[in-house]
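> Heads up: the sequence lines are chains V and H, in that order.
One rule links them: number in the numbering used here = place in the first sequence (from 1) + 22.
One rule links them: number in the numbering used here = place in the second sequence (from 1) + 22.
Positions of the beta carbon are idealized from the N, C-alpha and C atoms, including for glycine.
Computed from a predicted model, the values in this text were never measured in an experiment.
Here it is, the structure, as structure tokens.
There are 2 protein chains.
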Amino acid sequence: MAAYSDRGLDQRDGRFDLAVGVGTDLESETQAIDWRSKCSIAACLDVLGDKWTLLIVRDLISYETRTYSEFLGSPERISTNILADRLRLLTSLGVIERTNPAGAARNNAYRLTPSGRDLRPALEELGRWAQKHLKQYYPEMVESV
Amino acid sequence: MAAYSDRGLDQRDGRFDLAVGVGTDLESETQAIDWRSKCSIAACLDVLGDKWTLLIVRDLISYETRTYSEFLGSPERISTNILADRLRLLTSLGVIERTNPAGAARNNAYRLTPSGRDLRPALEELGRWAQKHLKQYYPEMVESV
DNA sequence: GATCTCACTTGCAAATCACAAGTGACTAGG
DNA sequence: CCTAGTCACTTGTGATTTGCAAGTGAGATC
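Below is the structure:
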């Protein structure tokens, strides 16, 4: 517990440039991650901690594969620039990949890698928590994944 | 699976004003939540989906109780306005509460409610995932919770 | 080979965030 | 009690991120 708590207050933990140089612009671009602490939960949130990233993973758990425009069709209405950015991030992290890595972007869907599939238990727990504790505020909510 | 996918594309799912009128300004203020879809995972992310909220929960899992300034001491260095905002949100959701609800704000710590304690499995899964899949990018990472 | 669709990119306004500097209530010391 | 200090915030300002609308360019379709 609290294994990070002995750190000095003024020090930064590091920055890491993710990149996979496979081919298209989207895949070869680079993203810097500023790790806020050594805590694994904080690291997870450094990467996945926003309103959109895990919804992409959720869609891929539900549907196995999904194209860019299919993601756009999901009910939460992600905007195109955010979608492109998050797909780039998840690809560079090795959480998702193209179904046809060598092929052109058009109709080239995304799928989860083993790393992405390992997020399923966490998403199930989050969904379970919402079902139990958010339904009082939002009765129309339904299950997922 | 994909139980939300039959929704129309143009419809909004709703908005809900959270409020608990217990006493201090911080507790009685109101926050609007715009539910993006009926999906429970999306609902969870509507509420907890950012880089800071779950770190507050993590601290309370690690330490049982924490004051405002103790939260500020955590290594991720949350800023004061964001901390106040998230404490307000988590309080209005019933995820955390003050250890002395009737007392003054000064030295009045926060603790998890049963709802907050139910987030532990999800945080454990997220931490486990980070340990398994993020360590390659960030070797200094350590366990947590 | 012109048109269409798909997977993005770009530009700009709006919202959110980080950082620094207050503020006001309690509290300990003299 | 009066003053100085600490704690729990709030406020202001500039920087970053997001949302929305409008492109763009490459491959598929006709």
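1) Buried or exposed: Val117 of chain V, going by 16 or more other Cβ atoms within 10 Å of its Cβ?
2) Taking 8 Å as the cut-off, decide whether the C-beta atoms of Leu40 of chain V and Gln53 of chain V are in contact.
3) For Ala38 of chain V and Tyr159 of chain H, what's the separation of their Cα atoms in angstroms?
4) Alpha helix (DSSP H) containing Arg108 of chain H: first to last residue?
5) Does any CB atom of chain H fall closer than 8 Å to the CB of Phe38 of chain V?
6) At what residues does the beta strand (DSSP E) containing Leu134 of chain V begin and finish?
7) Residues of the stretch 126-140 of chain H with a CB closer than 7 Å to any CB of chain V: list them in chain order, please.
8) Could you give the first and the last residue of the continuous alpha helix (DSSP H) run that contains Arg99 of chain H?
9) So is Tyr90 of chain H in contact with chain V if we call contact Cβ pairs under 8 Å?
10) Could you have a look at Arg29 of chain V and say whether DSSP puts it in helix, strand or coil?
11) Whole angstroms are fine: how far does the CA of Leu156 of chain V sit from the CA of Thr102 of chain V?
12) For Leu145 of chain V, which residues from the same chain have a beta carbon less than 7 Å from its beta carbon, with the 5 sequence-adjacent residues on both sides left out?
13) CB-CB under 7 Å to Arg133 of chain V, same chain, minus the five flanking residues each way: which ones, in chain order?
14) Excluding the 5 residues flanking Val44 of chain V on each side, which residues of the same chain have their C-beta closer than 6 Å to its C-beta?
15) For Ser62 of chain H, tell me which candidate among V:Leu112, V:Glu162 and V:Gly149 has the shortest Cα-Cα distance.
16) What residues of chain H sit near Gln153 of chain V, judged by a beta carbon separation below 8 Å?
17) Could you spell out where the beta strand (DSSP E) holding Arg150 of chain V opens and where it closes?
18) Is it the case that the Cβ atoms of Lys60 of chain H and Val69 of chain V are separated by a distance below 8 Å?
19) Let me know the secondary structure DSSP gives Thr89 of chain V once reduced to three states.
20) With burial defined as no fewer than 16 other Cβ atoms inside 10 Å of the residue's Cβ, what is the status of Ser91 of chain H: buried or exposed?
21) Determine the DSSP secondary structure at Ala65 of chain H, reduced to helix, strand or coil.
22) Taking only the alpha-carbon atoms, compute the straight-line gap between Trp151 of chain V and Pro161 of chain V and give it to the nearest angstrom.
23) Counting only Cβ pairs nearer than 7 Å, list the residues of chain H close to Pro123 of chain V.
24) Determine, using beta carbons only, whether Lys73 of chain H and Asp140 of chain V come nearer to each other than 8 Å.
25) Name, please, each residue of chain V whose Cβ falls closer than 9 Å to the Cβ of Arg110 of chain H.
26) Run the CB neighbour count on Pro97 of chain H, radius 10 Å, all protein chains shown included, and call it buried at 16 or more, exposed below.
27) From this set, V:Pro136, V:Leu112, V:Arg128 and V:Asn130, which residue's C-alpha is nearest Gly71 of chain V's C-alpha?
28) Does DSSP put Val167 of chain H in a helix, a strand or coil?
29) Which residues in chain V sit within 8 Å of Ser59 of chain H, going by Cβ to Cβ distance?
30) Going along chain V, which residues have a C-beta under 8 Å from Glu119 of chain H?
Let me spell this out:
1) In the first sequence, the residue the question calls residue 117 of chain V occupies position 95. Using a 10 angstroms sphere on the CB of Val117 of chain V, the tally of other CB atoms reaches 16 or more, which defines it as buried.
2) For this step, residue 40 of chain V is matched to residue 18 along the first sequence. For this step, residue 53 of chain V is matched to residue 31 along the first sequence. Yes, these two residues count as a Cβ contact at 8 Å.
3) Walking along the first sequence from the start, residue 38 of chain V turns up at place 16. Walking along the second sequence from the start, residue 159 of chain H turns up at place 137. According to the sequence provided, residue 38 of chain V is Phe. The question's Ala does not apply to it. Near 7 Å, if we compare the C-alpha coordinates of Tyr159 of chain H and Phe38 of chain V.
4) Start at 1 with the first residue of the second sequence, and residue 108 of chain H comes out as number 86. Element bounds for Arg108 of chain H: Thr102 to Leu115.
5) As a working mapping, residue 38 of chain V is identified with position 16 in the first sequence. Yes - at least one Cβ of chain H is within 8 Å of the one on Phe38 of chain V.
6) As a first step, residue 134 of chain V must be located in the first sequence, where it is residue number 112. Unbroken beta strand (DSSP E) run through Leu134 of chain V: Tyr132 to Leu134.
7) So the list reads Ser137 and Asp140, given in the order they occur along the chain.
8) Translated into the one-based positions of the second sequence, residue 99 of chain H becomes position 77. Premise fails: Arg99 of chain H is in no alpha helix (DSSP H) and is neither H nor E.
9) Within the second sequence, residue 90 of chain H is the residue found at index 68, counting from 1. False, the Cβ-Cβ gap to chain V never drops below 8 Å.
10) Your numbering for residue 29 of chain V matches position 7 in the first sequence. Legend: pLDDT at Arg29 of chain V = 38, less than 50; position of this residue unreliable, value from coordinates given subsequently. Arg29 of chain V falls in the coil class under three-state DSSP.
11) Mapped onto the first sequence, residue 102 of chain V falls at position 80. Mapped onto the first sequence, residue 156 of chain V falls at position 134. Each residue's CA atom was taken as its position, placing Thr102 of chain V and Leu156 of chain V some 29 Å apart.
12) For the purposes of this step, residue 145 of chain V is identified with residue 123 of the first sequence, where counting begins at 1. Answer for Leu145 of chain V: Leu76, Val79, Arg80, Ile83 and Val167, listed in chain order.
13) Position 111 of the first sequence, counting from 1, holds the residue named residue 133 of chain V. Cβ neighbours of Arg133 of chain V beyond the five flanking positions: Leu82, Glu86, Thr87, Ile118, Glu119 and Thr121.
14) What you label residue 44 of chain V is simply residue 22 of the first sequence in a count that begins at 1. Residue placement at Val44 of chain V is poorly supported in this model, since its pLDDT is 44, which falls under 50; the coordinates are not used for a value here.
15) For this step, residue 62 of chain H is matched to residue 40 along the second sequence. Of the listed residues, the one whose Cα sits closest to Ser62 of chain H is V:Gly149.
16) Along the first sequence, read from residue 1 onward, the residue named residue 153 of chain V stands at position 131. In chain order: Ser62.
17) Within the first sequence, the letter at position 128 stands for residue 150 of chain V. No beta strand (DSSP E) holds Arg150 of chain V; the alpha helix (DSSP H) holding it covers Arg142 to His155.
18) Residue 60 of chain H sits at position 38 when you count from the first residue of the second sequence. Residue 69 of chain V sits at position 47 when you count from the first residue of the first sequence. Not in contact: Lys60 of chain H and Val69 of chain V (Cβ atoms no closer than 8 Å).
19) Numbered from 1 along the first sequence, position 67 holds the residue referred to as residue 89 of chain V. Coil.
20) Locating residue 91 of chain H in the second sequence gives position 69, counting from the first residue. Counting Cβ neighbours within 10 Å, Ser91 of chain H comes out exposed, since fewer than 16 surround it.
21) Here residue 65 of chain H is taken as the residue at index 43 of the second sequence, counted from 1. Under the three-state reduction of DSSP output, Ala65 of chain H falls in the helix class.
22) Counted from its first residue, the first sequence places residue 151 of chain V at position 129. Counted from its first residue, the first sequence places residue 161 of chain V at position 139. Take the alpha-carbon of Trp151 of chain V and the one of Pro161 of chain V: they are about 14 Å apart.
23) Position 101 of the first sequence, counting from 1, holds the residue named residue 123 of chain V. For Pro123 of chain V, there are no C-beta contacts with chain H under 7 Å, since the nearest C-beta of that chain is about 19 Å from it.
24) In the second sequence, the residue the question calls residue 73 of chain H occupies position 51. In the first sequence, the residue the question calls residue 140 of chain V occupies position 118. If you check the CB distance, Lys73 of chain H and Asp140 of chain V do not come in under 8 Å.
25) In the second sequence, the residue the question calls residue 110 of chain H occupies position 88. Close to Arg110 of chain H, with beta-carbon spacing below 9 Å, lies no residue of chain V; the smallest spacing is near 15 Å.
26) Here residue 97 of chain H refers to the residue found at position 75 of the second sequence. Around the Cβ of Pro97 of chain H, a 10 Å sphere holds 16 or more other Cβ atoms; the residue is buried.
27) In the first sequence, the residue the question calls residue 71 of chain V occupies position 49. The option with the nearest alpha carbon to Gly71 of chain V is V:Leu112.
28) Residue numbering aside, residue 167 of chain H sits at position 145 when the second sequence is read from its first letter. In the structure shown, Val167 of chain H sits in coil (DSSP, three-state: anything other than H, G, I, E or B).
29) Translated into positions along the second sequence, residue 59 of chain H becomes position 37. Chain V residues near Ser59 of chain H: Ser96, Pro97 and Glu98.
30) One-based indexing of the second sequence puts residue 119 of chain H at position 97. In chain order: nothing, as chain V lies at least about 14 Å away.
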